[in-house]
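Straight run, no breaks: the sequence shown in full-length UniProt numbering ends on number 1025. Positions of the beta carbon are idealized from the N, C-alpha and C atoms, including for glycine.
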Amino acid sequence: MLVLNMFWHRNRHHTSSHIIIGRADWKTSNYVSTTKYNIITFIPVFLFYQFKTFGNWFFLMICIVQFFPNLNPYGTNTTIVPLVFIILAAAAKEIFEDFGRLVADRRVNRQPVLICKQDENAKNWKWKKIHWAQLKVGQVVKIMKNEFIPADIVLLSSSEPAGVAYIETSNLDGETNLKIRQALPQTAQIIDDDRIMALCSSLSKLECDPPNPALYEFHGVIKINNSSEMLKKGNDEDSKTNCSLGTNQLLPRGCKLQNTDWVYGVTVYTGRCTKLVLNTSGTRTKVSLVERITNCMMMIQFGFLVFMALFNACMGCSSINKMHYYLPYFHGNFRRLHILPTLIGLIIFYSGLIPISLNITLEMIQLFQAYFIQQDLNLYDDNSDTKAEVRSSNLNSQLGQVRYIISDKTGTLTQNKMRFKMCTIGGIKYGSMMTEKFTDETILDDLINNASNAKAIREFLTLLAICHMVVPEKVINSELEKIIYHSPSPDEKALVKGARDLKFMFHTRTPQCVYIEAMGKQEKYDILHILEFTSNRKRMGVIVRCPDKKLKLYIKGADSVIFPRLALNSDNFSINKTTEHLVYFANLGLRTLCMAMCILSEEEYEKWEPGYHRASIALEQREMLIEEEAEKIEKNLELLGASAIEDKLQKKISGRQLQGVKKTIEHLIEGGIIVWVLTGDKLETAQSIGYSCGLIDPFTPILVIGEKSAEETANKINIYLDNFANKKIKISLIVSGESLNYALMKQYKMQFLHLASLSSTVICCRCSPAQKAAVVKALKNWSDGTVLAIGDGANDVAMIQEADIGVGISGEEGLQASLAADYSIAQFFYEFHTLFADSVIMDSWSLVIWPPLAIGIWDRLFPFEVMIDYPALYHLSQNSEGFSLKAYFIWAFTGLVHATVISLIAYQTFKNDVIWYNGRVANYYVMGTAVVLIVNLKAIIETDSITIMSWIALFGSIIMLFIFFFSYSLTSPASPIIKVQPAMADTILHVAIHLLKKKDQPYHKVMLCDCMILGCQRFLKTDKA
């Protein structure tokens, strides 16, 4: 019954975009399950995924055939035990992990939540506690302080003034700073149970778009009936109200209610339709180079196996037909086929060519390597108490083959800890790079003394204080009130702090207004509209009603979008000086933003506002419509000035061997790795950062592509190719975001990538997230090397997931990049060095398992200190020479030589039999000793760093082999599964005794065989070195 109930819940996650508030939609469910299996589906689903791999499928066929004695040359099923062990081990792992998920799911689904529910008589409404899993779309809930949000809920009202609610979204996007959500003014007054029950009885409706995983997209319309009754109004003028809903009214599942006593809300998305669950779906699985080559090798091995079996079967059958021609080939209607049973038997006989232990050995090696990476103290950050995380251990070996690193700038190369350092207002520059923060008192003196730019100074500082999405939190400690600013953008926080230091302090925010203290005077600004920042707009603005009742638009953004929107009669002197200062700031490596404003007339605003309102309540293409309406009002701007924010490079850790960004990049370049930087900053800022972090050499020619059309971009690329294609000189390439769009067009992409391949570094400026992913994809498809992308923000997630290897940094912009990445670290200054060999020794399950594990886990070319001091050693693994098809064929040829020598000596030794002193006859089992010794000693020869674990693996493998075979040989011959010759135990026992006594000739030849093969191998390896 439990299983059927789970299955029922899994398939009832539907939602409706038309919701009646207070009426539960019984077709929906808030039950969430993260398990992969249940009791019914476990066996079929698990076995399906296990036998999708070629190796497991092959050995399953071998096991089936071995149950037919006439086809089995061994006379026993030697494959079933290791195969069953592998399958059971994998099943135990899956069961353990899935049971943990089931326990966690039950804990979440059984959390309590308060809902407003109608009683059985359908007359009265009351509050009732239910489990999260029982919550339905349309039900009204009440959430208390420090509780988690059970589903995606539209905020109706809260305990705070004007319906403000504070939430922490770390479970959703990894950001720990508080975010503000605001109820609509039309619902913010529904603050008691009576009004909530009146809303539930009013049959008010809510329409929203279908569920989607976009965290910051939500469009809806709420249609409130009888609003006058709920708001206790005395008239019916506003009895029906239609209002638009957006992200500011959505409380997503998994967020935590903070600094707010309670909130009322209506459920819009439940269960698997919530944004949290939609974003926890599995990401694209990346297949490592080792996995691709290993699969190719196994297919080649299988082809070679079939060829050998077919060749031997044909030769054997031909020989039998010639030698025993008198045996009947036909008997009645039965035609006895010699070749088919012989072929099947030989395939079983040669099945050891495909090692059954290979897959589990590789997985164990990857798990151990992941553990070592996570426990590495050199990858641990003391300041943030963050260690490295491995989420795709199958990519470990590919860390040693990186040829390109694509890096974000802000928060990756830099600290993403912004400081307001300098500014230019009305053509006058203020501030200095010599101070830790902005301390130039001249700006306030000019404001007080009514200098020529005093008006611009006041408007500039007012803009910094009110044009943002920062949330203030008032904290009282020791009777002192302190304001802490929360913002997802470090830039906005730095600007607000800069305004505070200049006596324009922002201290209170409500849905309708903000309050600031300007030069000791309290001022209130009514917020009419917020024109939010997007990657397309590259600007953010607010329309406010000032204390003097004037309507003003304050806007800030990149110079590339502010300057074209300036009024035609703007002050050219101010524009020219601001442009000059922007270049100066950028050359210092500072991040710049331009500030502008305009005064709006009442007629202009009233004409524009209805169109904007229609766009804001549109359910389809709302962002595009809002952008179009914003364009109509964002014109005829007056330039106020520009800000300059410092974002320092990542620091080195004192007392550690690992250095800062500049030293790290030097090491990467010495190791043959080409570093590209993709940033949203100005070209001059990116170029300055390139110099400061060592990416650009002062003596290197810099090629800049900043054209405004596709044809001009193509011509510029061709000119650079003509000038530098045949010259062996070092160049650096810088590309603007607009030109990058054209360069990545299909007809110009190859020329651009050719030019980029000639450059020692490439810096792309003003890049959008989509452009970053496009660059990574183009480079990955064009180059023959591994591409690694590293970033720290949500705008880097696309390129991290597109790259061969994605590395996320858990920094100031949250954990979205870190959670989406294959590897997560705290800062960029850490070196990427593989301390393990990228070669794999293939072996039979019954022969050696420990030497390959020891090599894969503990072997490395050089000690860590040597690899740090000599980064050029990275070239040894970068080209995958140690693990490639070429290396595979060399190993295969070496194995063939070994097998030939062993076979010849075995044949010459035992062709006439060898009689021991006790009368027993020695046979070919004795030569198994040579195989074991050669395989283990060969592993030691190929090991680059001999450790105690190598010796344990060597001797432990040999000793365990004899113990295993001796116990295996004593198995009863009547066993239906395992049937062996009892005399084999005597053979193994005598091998051990005579190896110690060294009396008989066969063992001398065994030792001679080992010495010949290993001596030649060691000579060849030494000669190669």
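Problem set entry | K493 versus L480: straight-line alpha-carbon distance, rounded | 22 Å
Exercise. Going by the CB atoms, is the gap between R545 and L551 shorter than 7 Å?
Worked result: yes
Problem set entry | Helix, strand or coil at V514 according to DSSP, with G and I counted as helix | strand
Exercise. Looking at L461 and residue 1026, is the spacing between their C-beta atoms short of 7 Å?
Worked result: Absent from the structure is residue 1026, since the part of the chain shown begins at 1 and ends at 1025.
For this session: Please look up how many angstroms separate the CB atoms of A558 and K538, rounded, as I've assumed it's under 8 Å.
Result: 5 Å
Problem set entry | Spatially closest choice to D491 from E97, E646, V84, by CA coordinates | E646
Problem set entry | Where H581 falls, given that 16 or more other Cβ within 10 Å makes a residue buried | buried
For this session: Would you tell me roughly how many angstroms separate the C-alpha atoms of Q134 and L203, rounded to the nearest one?
Result: 22 Å
Problem set entry | C-alpha gap between K772 and G680, whole angstroms | 10 Å
Problem set entry | C296 (DSSP reduced to helix, strand or coil) | helix
Exercise. Within this structure, are the beta carbons of residue 1033 and R181 separated by less than 7 Å?
Worked result: This structure cannot settle anything about residue 1033, because the visible part of the chain is limited to 1 through 1025.
Exercise. Where P571 and L637 are concerned, what is the direct C-alpha to C-alpha distance, given to the nearest angstrom?
Worked result: Looking at the sequence itself, residue 571 is Asp, so the reference to Pro does not match. Looking at the two C-alpha atoms, the distance is approximately 11 Å.
Exercise. What is the DSSP secondary structure of I555, reduced to helix, strand or coil?
Worked result: strand
For this session: Could you please give me the residues that DSSP links to V762 through a beta bridge?
Result: W676, L733
Problem set entry | DSSP three-state assignment for H18, whether helix, strand or coil | strand
Exercise. Under a Cβ-count criterion, where at least 16 other Cβ atoms within 10 Å of its own Cβ denotes burial, should residue 1030 be classed as buried or exposed?
Worked result: For residue 1030 there is no data in the structure shown, the boundaries of the chain being 1 and 1025.
For this session: Can you tell me which of the three DSSP states L505 falls into?
Result: Looking at the sequence provided, one finds Met at residue 505 rather than Leu. Of the three classes helix, strand and coil, the one that applies to M505 here is strand, per DSSP.
Problem set entry | Span of the alpha helix (DSSP H), counted from its first residue to its last, around V807 | Looking at the DSSP string, V807 is not in any alpha helix (DSSP H); the run it does join, the beta strand (DSSP E), is 805 to 809.
For this session: Would you identify the three-state DSSP class for L566, choosing helix, strand or coil?
Result: strand
For this session: Return the residue from the list F349, D385, G671 that minimises the CA-CA distance to R403.
Result: G671
Exercise. Can you give, in chain order, each stretch of the beta strand (DSSP E) that sits fully within the segment 571 to 600 and has at least 3 residues?
Worked result: 591 to 600
Exercise. Helix, strand or coil: how does DSSP classify A644 here?
Worked result: strand
For this session: Can you check the segment 100 to 185 for any beta strand (DSSP E) of at least 3 residues that lies completely inside it and give the ranges in chain order?
Result: 112 to 118, 125 to 131, 140 to 144, 152 to 158, 164 to 169, 175 to 182
For this session: Rank A499, I354, K635, L353 by C-alpha distance to the C-alpha of V561 and give the top, closest one.
Result: K635
Problem set entry | Beta-bridge partners of G541, as assigned by DSSP | L531, I555
Exercise. Going straight from the alpha carbon of E802 to that of E523, what length do you get?
Worked result: 49 Å
Exercise. Assuming L245 and F218 make a contact with CB atoms under 8 Å, what is their CB distance in whole Å?
Worked result: 7 Å
Exercise. What residue range is occupied by the uninterrupted alpha helix (DSSP H) comprising R458?
Worked result: 454 to 466
Problem set entry | Start-to-end residues for the beta strand (DSSP E) that takes in residue 1030 | Residue 1030 lies beyond the stretch modelled for the chain, which goes from 1 to 1025, so this question has no answer here.
For this session: Taking 8 Å as the threshold, find out whether the segment 707 to 726 comes into contact with the segment 445 to 457 through three or more Cβ pairs.
Result: no
Problem set entry | Assumed close pair T592, A644 - CB separation to whole angstroms, cut-off 8 Å | 6 Å
For this session: Evaluate contact between the segment 859 to 871 and the segment 930 to 947, counting only Cβ atoms and requiring at least three cross-stretch pairs below 8 Å.
Result: yes
Exercise. Going along the chain, which residues of its own chain have a beta-carbon closer than 6 Å to the beta-carbon of E623, five neighbours each way excluded?
Worked result: none
Exercise. Apart from the five residues on each side of it in sequence, which residues of its chain come closer than 8 Å, Cβ to Cβ, to H613?
Worked result: S244
Exercise. Considering only the beta carbon of each residue, do K117 and K128 sit closer than 7 Å?
Worked result: yes
For this session: Could you check the C-alpha separation between Y1003 and S357 for me, to the nearest Å?
Result: Below a pLDDT of 50, predicted positions are generally treated as unreliable, and Y1003, at 49, falls in that range; the measurement from the model is reported next regardless. Between Y1003 and S357, the C-alpha separation is close to 29 Å.
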